[in-house]
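Per the working numbering, the very first residue in the sequence shown carries number 213; after that it's consecutive. All residues carry an ideal CB built from backbone N, CA and C; glycine is no exception. Predicted model only: the values in this text are computed from it and were never measured.
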Amino acid sequence: MDLLEHFQDAKRDPLRRLLAEKSAWFSQDKKGFLRYRLPLRSVQDLRASSCDFSGDVVRIGTADDLSADDHARVHQILRGLMPWRKGPFSVFGIDIDAEWRSERKWNRLVPELPALAGKMVADIGCNNGYYMFRMAPYQPTMVLGFEPYVHHYYTFNILNTFAQQPNLRAEPLGIEHLALFPECFDVIFCLGILYHRPSPLEALRDLHSALRPGGILLVESQAIAGNDPVALFPAHTYAKVPGTWFVPTATCLHNWLTRTGFTEVRLFCDHAMSSAEQRRTAWMEFESYQDFIDKDNPALTIEGYPAPRRVFFKAKK
Ligand SMILES: C[S@@+](CC[C@H](N)C(=O)[O-])C[C@H]1O[C@@H](n2cnc3c(N)ncnc32)[C@H](O)[C@@H]1O
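As structure tokens, then:
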């Protein structure tokens, strides 16, 4: 079904043009695109006999669903999709231990989840769709994942080719495109995104405008400790990550939310980060949390900034 049919209130002409541009961009015959597009094409006929999204591991199919040849082929494709940042997954019995133990973040959200049944939901920066699959048992009408990165976009689409969840969909869009979706969503998840935005206030305004009146925002962000309403602005990187702009205290993020129009703003979780939650694995072989933190003082990042915490807010439009 055409995406636009789900979004009668979207700015349809510019959205149609943007999606056509993105599709043309992703269709280029360059190595960086073919690397993902060809595997997606090659698995079009492979289906999982069953899925289980109710536990910590997102389970798609079983080993018995595939012939030995197809199983080996899928294993190779999944290895080709490394690094796996979010998980864990089990795909046709192949266990993928991702860098992040994303089930921990999801389990912190669960007690605060608004009703998702029959709702239009957005997941901003959905990555490979781990959280979208976890939302599926709550029976939303649709979860639209915004994911501009080719690697993550195709990883989700390969997984959902196996899983065939028609109400889960990702588009190669960014948070900056939310303005094309005025009052279109009942619930928006914005997890791990705000500190990557050079203007977090603009991002929050866009999130506000994309929610229907009474809609709910669940936002999770990297944060620094402290009660002052301030944000850290790193000189270059923060915990070795470039593209990190403002890292707020919880108080600062609370103020950002209220001043961009949200009501009933409530902090419901605030925890320190650790290498138990983000670490190198056989499916993500690069540096991870322990390499980002001062070895002699875990309260500091490698750059000497306060080490990251993670904060979770629920807010209403
Ligand atoms: C730190 S990860 C967070 C992933 C996931 N939401 C989570 O909390 O585990 C940031 C994600 O945002 C995506 N991203 C990058 N630029 C973006 C943009 N302009 N708008 C939305 N998402 C973006 C990245 O590709 C990546 O998947």
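For the alpha helix (DSSP H) containing residue i, list its first residue and its last residue.
i	result
Glu-315	314 to 321
Ser-421	412 to 422
Met-294	Per DSSP, Met-294 belongs to no alpha helix (DSSP H) and is neither H nor E.
Thr-367	362 to 375
Met-347	342 to 347
Phe-245	243 to 254
Leu-216	215 to 218
Assuming residue i is part of the beta strand (DSSP E), what are its boundary residues?
i	result
Val-523	521 to 528
Leu-392	Note, Leu-392: premise wrong, no beta strand (DSSP E); not H, not E.
Leu-356	354 to 358
Ile-436	Counting along the chain, Ile-436 falls outside any beta strand (DSSP E), and DSSP gives it neither H nor E.
Asp-307	306 to 308
Residue i: which of the options sits nearest, CA to CA?
i	options	result
Asn-379	Gly-386, Thr-449, Val-442 and Leu-356	Leu-356
Asp-225	Gln-256, Ala-391, Trp-237 and Ala-260	Ala-391
Ala-415	Asp-398, Asn-439, Trp-457 and Gln-376	Trp-457
Asp-418	Trp-468, Met-213, Ser-261 and Phe-301	Trp-468
Ser-261	Arg-228, Asn-439, Gln-377 and Lys-234	Gln-377
Asp-482	Val-431, Arg-471 and Ser-500	Val-431
Val-269	Ser-487, Asn-319 and Asp-506	Asn-319
Ser-266	His-389, Leu-227 and Glu-315	Glu-315
Arg-271	Asp-214, Ile-308, Ala-280 and Trp-296	Ile-308
Pro-446	Glu-383, Gly-516 and Thr-463	Gly-516
Arg-313	Leu-231, Tyr-343 and Asp-264	Tyr-343
Gln-220	Tyr-361, Glu-395 and His-283	Glu-395
Pro-300	Asp-506, Thr-493 and Lys-529	Thr-493
Phe-345	Phe-504, Tyr-248 and Phe-374	Phe-374
Leu-230	Arg-478, His-389 and Gly-341	His-389
Val-529	Glu-489, Trp-495, Arg-471 and Lys-223	Val is not the amino acid found at residue 529; the sequence shown has Lys there. Selected option, being the one with the closest Cα: Arg-471.
Gly-330	Pro-349, Lys-317 and Phe-245	Pro-349
Asn-372	Gly-273, Val-322, Thr-353 and Pro-454	Gly-273
Asn-439	Thr-463, His-448 and His-420	Thr-463
Met-496	Lys-526, Ala-222, Met-213 and Pro-295	Pro-295
Val-453	Arg-253, Asp-241, Glu-499 and Phe-524	Glu-499
Pro-485	Glu-476, Ile-505, Arg-478 and Gly-244	The question names Pro, yet the displayed sequence has Met at residue 485. Of the listed residues, the one whose Cα sits closest to Met-485 is Ile-505.
Ala-194	Leu-216, Asp-282 and Leu-429	Because the chain here runs from 213 to 529, residue 194 falls outside it and cannot be looked at.
Please go through the same chain and pick out, in chain order, the residues whose beta-carbon is closer than 7 Å to the beta-carbon of residue i, but skip the five residues on each side of it.
i	result
Pro-531	Residue numbering for the chain in the displayed model covers 213 to 529; residue 531 lies beyond these limits and cannot be assessed.
Tyr-407	Ser-433, Gln-434, Thr-456, Trp-457, Phe-458 and Val-459
Phe-397	Met-332, Val-333, Ala-334, Ala-422, Leu-423, Arg-424 and Gly-427
Pro-251	Ile-289, Gly-292 and Ile-370
Cys-338	Met-344, Gly-357, Phe-358, Glu-359, Phe-368 and Ala-382
Lys-298	Ala-310, Trp-312, Ser-314, Asn-339, Asn-340 and Tyr-342
Pro-410	Trp-457
His-364	Asn-339 and Asn-340
His-420	Thr-472, Gly-473, Phe-474 and Lys-529
Val-477	His-466, Leu-469, Thr-470, Phe-525 and Ala-527
His-218	Met-354
Who are residue i's beta bridge partners in DSSP?
i	result
Phe-401	Asp-335 and Leu-430
Leu-230	The partner list for Leu-230 (beta bridge, DSSP) is empty, contrary to what the question assumes.
Val-270	Phe-301
Leu-385	BP columns for Leu-385 are empty, so no partner.
Ile-505	Thr-513
Arg-478	Lys-526
Cys-263	Ile-272
Thr-470	Answer by DSSP bridge pairing: none, since Thr-470 is not bridged.
Leu-380	Val-355
Ala-494	Answer is none; Ala-494 lacks a bridge partner.
His-483	Arg-522
Asp-282	In DSSP, Asp-282 forms no bridge with anything.
Leu-444	Val-459
Tyr-350	Partner(s): none; Tyr-350 has no beta bridge.
Tyr-450	Val-453
With a threshold of 6 Å on Cβ separation, who are the neighbours of residue i within its own chain once the five nearest residues in sequence on each side are excluded?
i	result
Ile-336	Phe-358, Ile-387, Cys-402 and Ile-405
His-385	The sequence shown places Leu at residue 385, not His. Hits under 6 Å: Phe-358.
Ser-487	Tyr-501 and Gln-502
Glu-489	Arg-313 and Arg-316
Pro-441	Thr-463, Cys-464 and Asn-467
Ser-302	Val-269 and Arg-271
Leu-227	Leu-392
Can you round the beta-carbon distance between residue i and residue j to whole angstroms, since I take them to be within the 8 Å contact cut?
i	j	result
Ala-451	Ile-514	7 Å
Val-255	Ile-289	7 Å
Arg-521	Ile-436	7 Å
Glu-324	Phe-474	With 8 Å as the limit, Glu-324 and Phe-474 do not qualify as a contact, their Cβ atoms being about 15 Å apart.
Pro-352	Leu-328	4 Å
Tyr-248	Tyr-361	Actually they do not touch by this definition, with Cβ atoms about 10 Å apart.
Tell me which residues share the same chain as residue i and place their Cβ nearer than 8 Å to its Cβ, disregarding the 5 neighbours each side in the sequence.
i	result
Leu-278	Leu-258, Val-286 and Phe-304
Leu-413	Trp-468, Arg-471 and Thr-472
Leu-512	Ile-505, Asp-506, Pro-518 and Ala-519
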